[in-house]
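Enquirer: Structure provided below as structure tokens; questions to follow.
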Amino acid sequence: MKLRDVLDNDHLLLVECNDCNAKTPLDPAYFALRLGVDATIEDLAPALVCPVCGSADIGLGAHSPVEHARARSAASPEARVYPPLR
Ligand SMILES: [Zn+2]
Numbered sequence: 364m365k366l367r368d369v370l371d372n373d374h375l376l377l378v379e380c381n382d383c384n385a386k387t388p389l390d391p392a393y394f395a396l397r398l399g400v401d402a403t404i405e406d407l408a409p410a411l412v413c414p415v416c417g418s419a420d421i422g423l424g425a426h427s428p429v430e431h432a433r434a435r436s437a438a439s440p441e442a443r444v445y446p447p448l449r
């Protein structure tokens, strides 16, 4: 996946540490400005370490907090913000 795709989908990069199990979201715009939008997630991963413990044993993926929020609201339709009509 290219940084262009991460940005187009409003996703964040997510560093998942295999040592301390921390999951750290990162702004893809920072890497797109440095490396260009055609750089891939696979290009970035070897240069990154876990921001929490400094381990190089990390996995890198894309993450969308928005999709999780949509899934929750779809599961409970009564939680929608529309006011009831009377
Ligand atoms: Zn870590």
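Every letter in the sequence shown is one number past the one before it in the numbering used here, and letter 52, counting from 1, is 415.
Note that CB positions come from ideal geometry on N, CA and C, so glycine has one too.
Looking at the unbroken alpha helix (DSSP H) that takes in ALA425, where does it start and where does it end?
Expert: ALA425 -> not in any alpha helix (DSSP H); beta strand (DSSP E) instead, spanning 421–426.
Enquirer: In terms of residue numbering, what span does the alpha helix (DSSP H) encompassing LEU366 cover?
Expert: Looking at the DSSP string, the run of the alpha helix (DSSP H) that includes LEU366 is 366–371.
Enquirer: Sorted by chain position, which residues of the same chain lie with C-beta nearer than 6 Å to GLU379's C-beta, five sequence neighbours on each side aside?
Expert: So the qualifying residues of the chain are LYS386 and GLY422.
Enquirer: By the three-class DSSP mapping on this structure, what secondary structure does LEU407 have?
Expert: Three-state result, LEU407: helix.
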